[in-house]
Every structure is written in structure tokens, then in C-alpha cells.
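Notes follow once the structure below has been shown.
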DNA sequence: TGCAACACTGACTGACCAGTCAATCGGGAG
DNA sequence: CTCCCGATTGACTGGTCAGTCAGTGTTGCA
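Residue numbers (my numbering), protein chains in the order written: chain P, 404 to 601; chain F, 404 to 601.
Okay, here's the thing in C-alpha cells:
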């Protein structure tokens, strides 16, 4: 694939991202993506085999980065609270850097497991499992109490983060850096105080 | 409207619920609903003006009951933790009683605010506001610390509950009574320990 | 310069499906 | 019994849109 071809692929991908964020995956037409990209309709099918494959690509590229961030946090020698802070920070900063991408991932994939996300359930579950592993290790160390199951703790943690992002996405829109920081701290405070031994 | 007509309306509503739960709102056809109800295609349009109106009805009927449950909890003279427990119990028990209804509400409305739920954002927000009001009152009483905003606490609480239900919906399926109880306790433990003064 | 090979175009097709409507049914009032 | 009106039927229509394809540009290599 030539350099120009790689660029056009990216142009289409970025255009699709904007269109999905604006209109939603189900509501938009492939021609909207082509128009947004300034490209002929057929070219979209030169680079992608279907409308779904475009969303797949957007999701998987980003989700793999997140799974790596979770694995990194787990592998570090920081405290459990710091590990969870690193994960919350990664997700929240992802929103700060590219709100449209996070909107599409959350709204069209993560929270749409019924229609589209079903394909990606396993990938999504990997994230929960990574967080649960951190909690589980913390319980073995004695840093976290063990009356909450790691799986449940992971759901509460991830659910809180996602709910905060959802609030920004649908109510307040993009948000300044200080609010991003405040959110990370509040999430980690609330959840970790509930998990740590006192 | 005759008694028989009211019944048919319910038959269609229940059929739609099963179909939405099974196939998703966007993926199913109105003819699937008619078939499931054992009724002619056109009759659906005798009772409802559109496919969306059916989903609207299912959502609003249930959501209003939930808003009432939140208001009741708030009005009672129980402790903040007990109030939040009552709300978690209401939502979790709703799932226990009718998993299909909760699946449709969460997957097709609450978590689909982009396409469909946009219409109901205000209604959904009322629930957050009700929970935030309980937290806010607890902070004034001194029962809860005030370094977490009530809005944030509401998001963490509601997000945790919804994430647990989502896990049941997409991974484990219907769940027995003891697991329901365990979930209520763990949610309230985790979140309240993070909010209460120590 | 010529000729692959790939990038790119956009009109077209086939399938799908929400919503309409004209026709039929059925039961209660007179 | 008959008339009326709401309940019920399902074939049909109009519009939409994902994906195809036959063709035209472009580039770079021999």
C-alpha cells in the first residue's frame, strides 16, 4: 500500500469518526462518510469491506491501547490505589484528547453490546478482567478488604468511569483540564475508600 | 376503549418487549412484533403511532415507577446508606422480576442516549438528580463527607448499579435471588464506604 | 514511451421495511 | 334483524441505503 493510499484510509477513518460521533452509527449513511471525507462513495469500499468494519477498526485500535495501559498499570510496582488512578487517568485523558473517539467507542460499541458490541464482548471483558486482577492482588496483599469480589469491584470502578464520561458526552460536552483532574481524583477516592482496609 | 382493546394493546406491548429484548430495537421489524403478538401487522398501528412510541411507552411506564421509588427513599427517615440501599434494591429487584424489561430500558434507552434516548435525557437526569439530592442532604447532616460532589456520587452510584445489570444482561443472564441480594449489599458497601465520614 | 497495477469514481441495483389504507369482521344498541 | 362503529386484516407503496461494478484517472517501473 502506497503512502498516499495509507493517508486516504486515514482520511476516511477520521471522517467516519466525526460522522459517527455526530449522527450515530445506525443513523448515518455511508455516503455521509464519503462526503465528510471528500471522497467518492465507492472509495470507502476500496479500503473497508463494510460500514461495520470501519467502526470495528476505530474501536479495536483504541481498545488495544487501553488494554495495554491496564496491563502496564498492573505490572508497575505502585500501590493498588495508584494503579487504579493510572487507569482512570488513562480513560479520562483519552476523552480529553479525543472526545469524539471516546463518544463513539462508549456509545456505539461498549454500551451497545446488544447489536454491535456483541462481537467485541470478549475484548471488553478483558478490560474488566485486568481491573479485577489488580483488585485481587491487592486483596492478597492485604491492602484491600476481601468482602467485595474483584469482579464486582471492577464493575463498580469501570461503571463509575463510564458514567462520568457519559455525563460529559450527553450533557456538558467537552470539558477543561481541571475538571478532568477533579474527576480522576473523585472516582479513585470514592471507589478506593470503599475497597481499602481502614 | 373496550376491555378487549386494552388487552390487545397490552398483548402488543408485551410482545414488543420480548422482541426488543431478543433482537434489539433497531434490528427488529414491526412485523416481528405483530407475529410475536399473534396479530395482524396493521393492528400495531391501530394502537401505536410508530415503532418508537412502543419503546417510549415501555420506558416511560417503568421509569416513572423508578422515579417514585427514588422520591420515596428520599422522603423516608432512614439513614443515607439505607436510602441508597432502597434504591439499589429497587433497581436490582426490577431486574430480578423482569429481566427483559430492564434489558430493553438499559440497552435501548438509557445507554443509547445518542439515537433514541436523547428524547428522554431529561427524564433520565431526574433520576441522577434524585440520588444527588439524597447525597447532598447527607452531607449537610454530616453523615457523608463533602469532598465528593453529590452529582459525582450519584454518577458513581448509578453507574455501578447499571454496570452490574449490564454484566448480568450480556454475560450471565438471569440470576438467582441470593446473587441479587449480594449485589445490592456490595454496591452499597463499596459506594457508601467511600462517601461516609469515618 | 508503454503498460500494468492500483487509486478512484459514482450511477445503479436489489433488498428491506415503516407506515398506509381499503376492505372485512363482529358485537352491541335499537 | 339491521345498522353502525370500532377492531382487525394484510397487501401494497414509497423511500431509503448498503454494497457492486464497469469504467476512468494516475503512478511508477521496465
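Even for Gly, the Cβ is constructed at its ideal location relative to N, Cα and C.
From a predicted model like this one, the values you see are computed outputs, not experimental measurements.
| Asked | Found |
| --- | --- |
| Scan the stretch 437–506 of chain P and note each continuous beta strand (DSSP E) run of 3 residues or more that stays entirely inside, going in chain order. | none |
| Look at the Cβ atom of residue 440(P), then the Cβ atom of residue 417(P), and state whether they are nearer than 9 Å. | yes |
| Mind checking residue 429(F): buried by the 16 CB within 10 Å criterion, or exposed? | buried |
| Who does residue 547(F) pair with in a DSSP beta bridge? | 599(F) |
| Consider the Cβ of residue 417(P): report whether some Cβ of chain F lies at a distance smaller than 9 Å. | no |
| Apply the 10 Å Cβ neighbour rule to residue 601(F) and answer buried if 16 or more other Cβ atoms are within range, or exposed otherwise. | exposed |
| For residue 565(P), count the other beta carbons within 10 Å of its own beta carbon; 16 or more makes it buried, fewer makes it exposed. Which is it? | buried |
| Kindly give me the distance between the Cβ atoms of residue 567(P) and residue 586(P), rounded to whole angstroms, as I take these residues to be in contact under 8 Å. | 5 Å |
| Going by CA-CA distance only, name the one from 427(P), 412(P), 413(P) and 494(P) that's closest to residue 515(P). | 427(P) |
| Going by other Cβ atoms of all chains shown within 10 Å of its Cβ, with 16 needed for buried, is residue 569(F) buried or exposed? | buried |
| For the stretch 535–547 of chain F, which residues have a CB atom closer than 8 Å to at least one CB atom of chain P, in sequence order? | none |
| Whole angstroms are fine: how far does the CA of residue 491(P) sit from the CA of residue 590(P)? | 8 Å |
| Let's see if you can read the secondary structure: which residues bound the alpha helix (DSSP H) around residue 565(P)? | 553–570 |
| Looking at C-alpha atoms only, which residue of 556(P), 544(P), 574(P) and 419(P) is the closest neighbour of residue 482(P)? | 544(P) |
| Counting only Cβ pairs nearer than 9 Å, list the residues of chain F close to residue 597(P). | 592, 593, 594, 595, 596, 597 and 598 |
| Any idea if residue 574(F) is buried or exposed, counting beta-carbon neighbours within 10 angstroms, 16 or more meaning buried? | exposed |
| For residue 526(F), which of 419(F), 450(F) and 463(F) has the nearest alpha-carbon? | 463(F) |
| In chain order, what residues of the same chain have a beta carbon less than 6 Å from the beta carbon of residue 484(P), not counting five sequence neighbours either side? | 595 |
| Mind checking whether residue 509(P) and residue 457(P) have CB atoms under 9 Å apart? | no |
| Please report the straight-line C-alpha distance between residue 517(P) and residue 540(P), rounded to a whole angstrom. | 32 Å |
| Which value, in whole angstroms, describes the spacing of the CA atoms of residue 548(P) and residue 487(F)? | 22 Å |
| If you measure between the beta carbons of residue 559(F) and residue 559(P), is that distance less than 9 Å? | yes |
| Whose Cβ in chain P lies nearer than 7 Å to the Cβ of residue 551(F)? | 589, 592 and 593 |
| Whose C-beta lies closer than 7 Å to the C-beta of residue 477(P) among residues of the same chain, with five residues either side of it excluded? | 486, 533, 536 and 537 |
| On the three-state DSSP scale, how would you describe residue 523(P)? | helix |
| By the criterion of Cβ-Cβ separation under 8 Å, what are the contact partners of residue 565(F) in chain P? | 562 and 566 |
| Quick one, which of 495(F), 506(F) and 452(F) has its alpha-carbon nearest residue 582(F)'s? | 495(F) |
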